[in-house]
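A.B. asks: Throughout the sequence shown, residue numbering follows the numbering used here, covering 823 to 1105 in sequence. All C-beta atoms in this analysis are idealised placements derived from N, C-alpha and C, irrespective of residue type, glycine included. Since we're looking at a predicted model, the values are computed, not measured.
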Amino acid sequence: MNKTINLTKTIKQILDDGARYLQSKGNNSARTDAESLVAHGLGLKRVDIYLQLEKTLIDDELRELRELFKLRATGKPLQYILGSVAFRYLEIDVDENVLIPRPETEIIVEVIADIVTEKSKVLELGTGSGAIALSVASEVKAKVDATDICTKALSVARSNAQKNGVSGVNFFESDWFSSVKEKYDLIVANPPYVSLNEYSILQTEIRDFEPRVAVTDEADGLQCIKMITDLALSHLTDNGYLVLEIGYEQREKVKRIFEEKGFKNISAKQDLANRDRFVVASA
Ligand SMILES: C[S@@+](CC[C@H](N)C(=O)[O-])C[C@H]1O[C@@H](n2cnc3c(N)ncnc32)[C@H](O)[C@@H]1O
823 MNKTINLTKT
833 IKQILDDGAR
843 YLQSKGNNSA
853 RTDAESLVAH
863 GLGLKRVDIY
873 LQLEKTLIDD
883 ELRELRELFK
893 LRATGKPLQY
903 ILGSVAFRYL
913 EIDVDENVLI
923 PRPETEIIVE
933 VIADIVTEKS
943 KVLELGTGSG
953 AIALSVASEV
963 KAKVDATDIC
973 TKALSVARSN
983 AQKNGVSGVN
993 FFESDWFSSV
1003 KEKYDLIVAN
1013 PPYVSLNEYS
1023 ILQTEIRDFE
1033 PRVAVTDEAD
1043 GLQCIKMITD
1053 LALSHLTDNG
1063 YLVLEIGYEQ
1073 REKVKRIFEE
1083 KGFKNISAKQ
1093 DLANRDRFVV
1103 ASA
């Protein structure tokens, strides 16, 4: 008797198979990743896949989903596969030219919003995807200049401004302050603060996929912070502020650098895990 093999799959089956496959590859968010990949591959919202669990998928859909699962199993970050990430009130597109904006960085926007008003002029150094600059422009309505050394990152940031309908950010290329001419009420940066030693033991998801220039200073982790603090005072208005995101073990060293450069009112602020993550100081 001929045995017919049923090769069709429902959404539920591909979700279960995909999650098991990712887990077997060491992914510890396998189930939620599987849900995001299936939703993305089928052009659905995540909640909607649960309304159609028993739907049978056609061959093309199955092929597409298998490719997405294989890609994720290589370690490629989910956000690069999906192409975007939620950051505060914005949907920020990301590709391999920009660091994936981290949830803890959302807090820096609150720190800035507590200091500036819509009359302020803000400068972001190293904007990457533009997440911080665009959030400040849309939430605080301040005028923002935003720079990066990487031309391709600036293209992503400009396109994010358009996609989110945020005007009021002027993006330009600059090696830290090299092309910065004006003075600002607040300067913000989330610089590459990972030391070369730490970089060598970072998760491969970061090392193999995110831009190296966005993560490490190739030295002790403090070099970009020193370069920024060296020149920041000459680009700040009289009562201007400098706000930096730092590694959570760098607080004391960074405070000392700020003191040496002549900053006042130096304080640290914490991320949601209560780790020192931001240093704020005035000119
Ligand atoms: C940690 S990422 C931060 C990206 C974004 N601001 C965020 O918070 O998600 C650091 C950024 O600094 C940029 N960068 C590195 N060296 C730079 C330099 N010398 N001048 C300007 N930007 C630089 C990188 O291209 C990268 O976009």
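1) Do Ile914 and Trp1100 have their beta-carbon atoms positioned less than 9 Å apart in this structure?
2) Do Ile934 and Val1065 come within 9 Å of each other at the CB atom, strictly closer than that value?
3) Report the residue ranges of all alpha helix (DSSP H) runs contained in full by the segment 867-912; include only those spanning at least 4 residues, in chain order.
4) What would DSSP say about Ile1068, mapped onto helix, strand or coil?
5) Quick one, what's near ligand 1 if you take every residue whose CB is closer than 7 Å to any heavy atom, in chain order?
6) Is the separation between the beta-carbon of Glu857 and that of Arg842 shorter than 9 Å?
7) Could you have a look at Glu946 and say whether DSSP puts it in helix, strand or coil?
8) Evaluate the contact criterion for the segment 1020-1038 versus the segment 984-1000: three or more CB pairs, one atom per stretch, below 8 Å.
9) Measure the alpha-carbon distance for Val938 versus Glu946 and round it to whole angstroms.
10) Given a cut-off of 9 Å on the beta-carbon distance, is the pair Leu875 and Thr832 in contact?
11) Could you tell me if Arg894 is buried or exposed, where buried requires 16 or more neighbouring beta carbons within 10 angstroms of its beta carbon?
12) Could you tell me which of Arg1097, Ser851, Lys892 and Ile1088 sits nearest to Ser1104, measuring between CA atoms?
13) Please confirm whether Ala979 and Ala955 have their CB atoms less than 9 Å apart.
14) Exposed or buried, what is Gln1072 when buried is set at 16 or more other beta-carbons lying within 10 Å of its beta-carbon?
15) Looking only at its chain, what residues have a beta carbon closer than 6 Å to the beta carbon of Val1037, apart from the 5 residues adjacent to it on each side?
16) To the nearest angstrom, how far is it from the Cα of Leu1094 to the Cα of Arg888?
17) Counting beta carbon pairs with one atom in the segment 1049-1068 and one in the segment 901-914, are three or more of them shorter than 8 Å?
18) Can you name, in chain order, every residue of its own chain whose Cβ lies under 6 Å from the Cβ of Leu921, other than the five neighbours on each side?
C.D. replies: Let's see:
1) First, the residue type needs correcting, since residue 1100 is Phe and not Trp in the sequence shown. Taking 9 Å as the Cβ cut-off, Phe1100 and Ile914 do not qualify as a contacting pair.
2) yes
3) 868-871, 881-895 and 900-904
4) coil
5) Val920, Leu921, Pro923, Arg924, Thr927, Glu946, Leu947, Gly948, Thr949, Gly950, Ser951, Ala953, Ile954, Thr969, Asp970, Ile971, Cys972, Ala975, Ser996, Asp997, Trp998, Asn1012, Pro1013, Pro1014, Pro1033, Val1035, Ala1036, Val1037, Cys1046 and Glu1067
6) no
7) strand
8) no
9) 13 Å
10) yes
11) buried
12) Ile1088
13) yes
14) buried
15) Pro1014 and Val1016
16) 36 Å
17) no
18) Gly950, Glu1032 and Ala1036
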